[in-house]
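So the mapping is simple: the numbering used here equals the position in the sequence shown, first residue as 1, plus 137.
Glycine included, each C-beta is placed from N, C-alpha and C at the ideal position.
This report concerns only the one structure given below.
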Amino acid sequence: MQLEFSRLNPTSEMVALTTRRNTKNLIITPAVLHGPLDPDKLAAAVHRAVDDFPQLGCTIKETKESGRRYLTWVPRPDLRFPVNFVTMGDRSTASDRTLPTVQDLLGVLESSLDREWNLFEELPGEFHIVKVDHEHHLAVPVVHHVAADAGEASSFGRGVALAYRELVTGEKLAVEARVRGLSTAMNRIAPRKRKSALDGFSSLWKSVQAATLRPTLAQGSGSRDETREFHVKRLFSRQETLQISEWISRAGIRLSDVILACGNLAIDRWNAARHIEAGPITTAMTVNMEGRYSGLREPNATSVIFFKFLPEERQVPEDFLRRVSQTRARHFGRQMDSQLSGNLRRMLDSVRLLPLGARSRVVYHLVNKQQFSMTVTMLGVVWPLREGDRAFGESFPTEVGDTLITEVHGIGYKLLSSTPIVFIVYVFRQQLNVVMAAAGSLFTYEEAECFMDAFASVLMELSEGTPAG
Numbered sequence: 138m139q140l141e142f143s144r145l146n147p148t149s150e151m152v153a154l155t156t157r158r159n160t161k162n163l164i165i166t167p168a169v170l171h172g173p174l175d176p177d178k179l180a181a182a183v184h185r186a187v188d189d190f191p192q193l194g195c196t197i198k199e200t201k202e203s204g205r206r207y208l209t210w211v212p213r214p215d216l217r218f219p220v221n222f223v224t225m226g227d228r229s230t231a232s233d234r235t236l237p238t239v240q241d242l243l244g245v246l247e248s249s250l251d252r253e254w255n256l257f258e259e260l261p262g263e264f265h266i267v268k269v270d271h272e273h274h275l276a277v278p279v280v281h282h283v284a285a286d287a288g289e290a291s292s293f294g295r296g297v298a299l300a301y302r303e304l305v306t307g308e309k310l311a312v313e314a315r316v317r318g319l320s321t322a323m324n325r326i327a328p329r330k331r332k333s334a335l336d337g338f339s340s341l342w343k344s345v346q347a348a349t350l351r352p353t354l355a356q357g358s359g360s361r362d363e364t365r366e367f368h369v370k371r372l373f374s375r376q377e378t379l380q381i382s383e384w385i386s387r388a389g390i391r392l393s394d395v396i397l398a399c400g401n402l403a404i405d406r407w408n409a410a411r412h413i414e415a416g417p418i419t420t421a422m423t424v425n426m427e428g429r430y431s432g433l434r435e436p437n438a439t440s441v442i443f444f445k446f447l448p449e450e451r452q453v454p455e456d457f458l459r460r461v462s463q464t465r466a467r468h469f470g471r472q473m474d475s476q477l478s479g480n481l482r483r484m485l486d487s488v489r490l491l492p493l494g495a496r497s498r499v500v501y502h503l504v505n506k507q508q509f510s511m512t513v514t515m516l517g518v519v520w521p522l523r524e525g526d527r528a529f530g531e532s533f534p535t536e537v538g539d540t541l542i543t544e545v546h547g548i549g550y551k552l553l554s555s556t557p558i559v560f561i562v563y564v565f566r567q568q569l570n571v572v573m574a575a576a577g578s579l580f581t582y583e584e585a586e587c588f589m590d591a592f593a594s595v596l597m598e599l600s601e602g603t604p605a606g
């Protein structure tokens, strides 16, 4: 597969420029494997899959055109995608020593993940094969956000699993499940609306105004100087997932609306228990524009739409959920994600005369001024369609020969912006997965666990039709 691009698109360029200090911009999609594993064949599968994702075989460089500076992709056939072998040691934080938590796994990989990622000299990713015991491993793709959005990173993990299956069994399997994407993309591809210069200025001014709004945060005991991030996962049972799915279907809403609403209500519940007055809650929801607009094929097609809700809008949970759904639909009707992408391009164009170091500092500062109470993103693994009582198959392999893929984790590791709570959401084996990354400057690990309990309680109460206030 040949590269169809040479210059980084605005999203990838922003990610590259903001990968500095404590911002690592990594998307990690570990698969939990039970059964026999051939590490050498798995490593070979990684390199075979990389061939289908050419940006993973590139570094970046800066080029100048008419005095303006751009970042471009540079194929590096001299570099081999890194595959590392790791043994899981003592897991003192795990309640069950045979089941390492997401936080345990990140602790084992911390030195690699937290290094200074030099995208000008190294490939934008790596793969770890982590041995837990004799027939229990984790296959851990790490993809830098400069090279992939959440959906693309998930596809790379799937590609590795399929390539490994072919090497082990000799059979080539194409996963063509009939599914509905978990992203907030519309059901039909739409052309982008042409914006006038006045429209562009208005949209940019609204973004500047949004940066001045102080969001309401969940009150925590984190330390201002803490650079760690705490990751907590909740895996809902098949019965719970079915209950949530049927409720969503009856209500005519989307899972992304539900996660956003429940996150807002969890912040209210958490703060009320600490006698903190409710205030405006702002949420950033990442969306994949490739699923919305014609003529757009990029490995990183991420954009964002923003929400702000006042306390009085959140008083009745059921009404609030409908308001969230209506607001999201209105944002899409106005193509707010496309407008934000245009604003980002204009911001980057405004600093192209600056040298790389200065440009990086300016963009890092501007991006981090956009602070939100929380962020919601969908991983790209999908929500299976249902017809009557029959659910269609998985979009991700669940077994490879005698080895079962029992769970997939979705982790956003130290992503850009200073938003302290990030939810990553997806479905695997007909179970809803929610992984929360919480900044250590906001929560302690114990508080992150408790906040996730509050979120899960709100979600189940709403799906059961019981009060969630």
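**Q.** Sequence ranges, alpha helix (DSSP H) only - wholly within the region 176 to 200, length at least 4
**A.** 176 to 187
**Q.** Rounded separation between S386 and V424 - CA only
**A.** 21 Å
Q: Go through its chain and collect everything with a Cβ distance to E601's Cβ below 6 Å, but skip five positions before and after it.
A: none
**Q.** Range covered by the beta strand (DSSP E) that runs through D270
**A.** 262 to 270
Q: Give the DSSP-derived three-state secondary structure of E598 in the structure shown.
A: Helix, per DSSP.
Q: Tell me the start and end of each unbroken beta strand (DSSP E) in the region 355 to 385 that is at least 3 residues and wholly inside, in chain order.
A: 366 to 372
Q: Examine the Cβ distances between the region 200 to 207 and the region 575 to 588 and report whether three or more of them are shorter than 8 Å.
A: no
(Q) On the DSSP bridge list, what partners appear for M422? (A) I442, V513
**Q.** Cβ-based burial, T156 [other Cβ within 10 Å; buried from 16]
**A.** T156 should be labelled buried.
Q) Between A168 and V545, which are expected to be in contact by the criterion C-beta below 8 Å, what is the C-beta distance as a whole number of angstroms? A) That belief holds up - the Cβ atoms of A168 and V545 are roughly 5 Å apart, short of 8 Å.
Q.
Once DSSP output is grouped into helix, strand and coil, what is the label at T282?
A. With the sequence shown as reference, residue 282 is identified as His, and Thr is not the correct amino acid for it. Correct three-state label for H282: coil.
Q: Can you give me the Cβ contacts of G294 inside the same chain, cut-off strictly under 7 Å, excluding the 5 residues immediately before and after it?
A: The answer, listed in chain order, is T166, A168, P278.
**Q.** Delimiting residues of the beta strand (DSSP E) encompassing L208
**A.** Its beta strand (DSSP E) spans residues 205 to 212.
Q.
Report the start-end ranges of each alpha helix (DSSP H) in the region 454 to 504 that is 4 residues or longer and not cut off at the edges.
A. 454 to 470, 473 to 486
Q) Beta-carbon separation of D504 and D474 under 9 Å? A) Correcting the residue type first, residue 504 is Val in the shown sequence and not Asp. Going by C-beta atoms, V504 is not nearer than 9 Å to D474.
Q: Reducing DSSP to helix, strand and coil, say where E427 ends up.
A: helix
**Q.** Close Cβ partners of E150 (< 7 Å) along its chain, the five nearest in sequence each way excluded
**A.** So the list reads L208, L485, once near-sequence residues are dropped.
Q) Going by the CB atoms, is the gap between N146 and E435 shorter than 9 Å? A) yes
(Q) Measuring only the C-alpha atoms, how far is V152 from R451? (A) 33 Å
Q. R144: which of R158, N159, K198 sits nearest, CA to CA?
A. K198
Q.
Assuming the contact rule is C-beta atoms closer than 8 Å, V220 and F264 should be a hit. Round their C-beta distance to whole Å, please.
A. 5 Å
Q) What is the rounded straight-line gap between the Cα of R217 and the Cα of V223? A) 18 Å
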